[in-house]
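Asks:
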Amino acid sequence: MGACLGVCSLLSCASCLCGTAPCLLCGCCPSTKNSTVTRLVFSFFLLLGTLVACIMIIPGVEAGLKKVPLLCSSSTTIHGSLNCDVMVGHQAVYRMCFALAAFFFLFVILMICVRSSRDPRAAVQNGFWFFKFLILVGITVGAFYIPSGTFTIVWYYFGMVGGFLFILVQLILIIDLAHSWSQSWLLRAEDGNTKCWYAALVICTFLLYAASIIAIVFMYIYYTKSNECVHNKVFISLNLIFCVIISIVSILPKVQDAQPHSGLLQASIITLYTMYVTWSAMANVPEQNCNPTLLAIATNTTSASSSTSAQWWDAPSIVGLAIYIICTLFISLRSSNNQQVNKLMLTEESSGDMSGPTMEDGGVYRAYDNEEDSVSYSYSFFHFCLVLASLYIMMTLTNWYLPGYDGSYLTSPWSAVWVKISSSWVGLLLYLWTLVAPLILSDREFN
């Protein structure tokens, strides 16, 4: 009897892996939308690939990767000596993230113009998980047979563009989170306990601005010198000025009239994120005296951006990895009331429709198809965001280092610095647009 039940269970699991997203839920899981389950599973694929990429740069694992000929060959030398310690983890991360990006780009192409779950391609989007996993594994294995050299250089520039765009995606998500947070607490303040909720808003805003000020002071002390690091001084000063401007604009009377829920809480979140991006940019500055690590600061020594180290676990990269994971999950779970963000991100809108799944026998809820009339998010754009996320994590884990043309060394280029700092400026401009758009385009509706 037990053997029969086991076989039946395996057959049920196999059919589930080839079936649709609702089948993945267990009996104890809460009911949810089919679209949400699908996005979560794809994000799980991305985070699983990220975990594998992180494991590949652990020193003990790098020793095993040296045995892969295409990752470490006799041509990978510095002054005639083999230098696998420099490149092997770097190239393994490139290939893992190439596989992730290729996998999601395949779905970008396949899911163009899917309008509802009645489209046969929607079944591919929401099911066949076992075969999707096999495809991802197959692409990953194939990626490790790509020769070094030109691939690494070309893919670095793809990663730089993708990383720039994903920083903007992160900022858009943070803007939406800030607006949703402020709106939620202000609505609760209007319903009751006004003093309590307004006090919470003030305290959170104060703490966020205090953290930003501490970061600014920290960067001025350790990332600038009296007669050196002029570029760092300019970066910090400009972003400080820009953050003061958006904070002032967010509380202007006309802006408040057009957007009653706009305020300093959103501006404080954007300010803190901008300071992080500024710090991350300066961490890639090639000049030795202008780019200390936290370890060097703690020990009062000087540390350069080593051209012979591919370690990613510096402080900016760890913070970037945490933000990346949060934003990846947010892309999967979010539904927004902000029409500007939904039009820009082509993602699911929240609604007041409380209709849901019917209860099955035994009182168990399952996921239900909420896309019979129209899809709740753009399939292609969702996968495009995951492509950008794959490229961003590749650049983060390799610390945005540029591989040499002979594949034997790594450098921290100025291009990485300018990509990051310019993304902070574009992000501030986007936030400023969300504030002034209702005033400039007064004939359009903005929620």
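For the sequence shown, the positions run -16 to -1, 1 to 431 when mature numbering (1 follows the signal peptide of the UniProt record, and there is no 0) is used.
No residue lacks a Cβ here, since even glycine has one placed at the ideal position from N, Cα and C.
Alpha carbon to alpha carbon, how far is Q75 from S168?
Replies: 45 Å
Asks: Flag I309 as yes if its beta-carbon sits less than 8 Å from any beta-carbon of chain B, otherwise no.
Replies: Of the protein chains in this structure there is only one, and it is not chain B.
Asks: Which residue from A162, H215, I42 puts its Cα closest to that of C188?
Replies: A162
Asks: To the nearest angstrom, how far is the alpha carbon of V228 from that of L419?
Replies: 14 Å
Asks: Check each candidate in I309, F88, I41 and name the one with the smallest Cα separation from F117.
Replies: Out of I309, F88, I41, F88 has the C-alpha closest to the C-alpha of F117.
Asks: On a CA-only basis, which of F26, V125, G247, T20 is nearest I235? Give me that one, please.
Replies: G247
Asks: Check this for me: beta carbons of F82 and A127, under 8 Å apart or not?
Replies: Yes, the pair counts as a contact, with Cβ atoms nearer than the cut-off.
Asks: Report the option in Q154, K238, F135 whose CA atom is closest to the CA atom of V410.
Replies: Checking every option, the nearest Cα to that of V410 belongs to Q154.
Asks: May I ask you to list the residues that DSSP assigns as paired with T395?
Replies: Answer is L386, bridged to T395.
Asks: In chain order, which continuous runs of the alpha helix (DSSP H) of length 4 or greater are located wholly inside the segment 205 to 253?
Replies: If only uninterrupted alpha helix (DSSP H) runs of at least 4 residues are considered, those enclosed by the segment 205 to 253 are 214 to 234, 237 to 242.
Asks: So, helix, strand or coil for G147, using DSSP?
Replies: helix
Asks: Measuring straight from C-alpha to C-alpha, what distance separates S264 and D103?
Replies: 43 Å
Asks: Under three-state DSSP, which class holds G111?
Replies: strand
Asks: What is the rounded straight-line gap between the Cα of V239 and the Cα of I424?
Replies: 11 Å
Asks: Which of the three DSSP states is assigned to L413 in this structure?
Replies: Of the three classes helix, strand and coil, the one that applies to L413 here is helix, per DSSP.
Asks: Quick check on the burial criterion: 16 or more other C-beta atoms within 10 angstroms. Buried or exposed for residue 440?
Replies: Nothing can be reported for residue 440, as the shown portion of the chain is limited to -16 through 431.
Asks: Give the single residue among L224, L94, K217 whose Cα lies nearest to the Cα of S408.
Replies: L224
Asks: G33 and M80: beta carbons closer than 8 Å?
Replies: Pairing G33 with M80 gives a Cβ-Cβ distance under 8 Å.
Asks: Would you kindly check if the distance between the Cβ of I151 and the Cβ of V261 is under 8 Å?
Replies: Yes. Within cutoff.
Asks: Can you name, in chain order, every residue of its own chain whose Cβ lies under 7 Å from the Cβ of M378, other than the five neighbours on each side?
Replies: V77, Y78, C81, G143, listed in sequence order.
Asks: Could you give the C-beta distance for S27 and S316, rounded to a whole number, given that I count them as a contact under 8 Å?
Replies: Their Cβ separation, rounded to whole angstroms, is 4 Å, which keeps S27 and S316 in contact under 8 Å.
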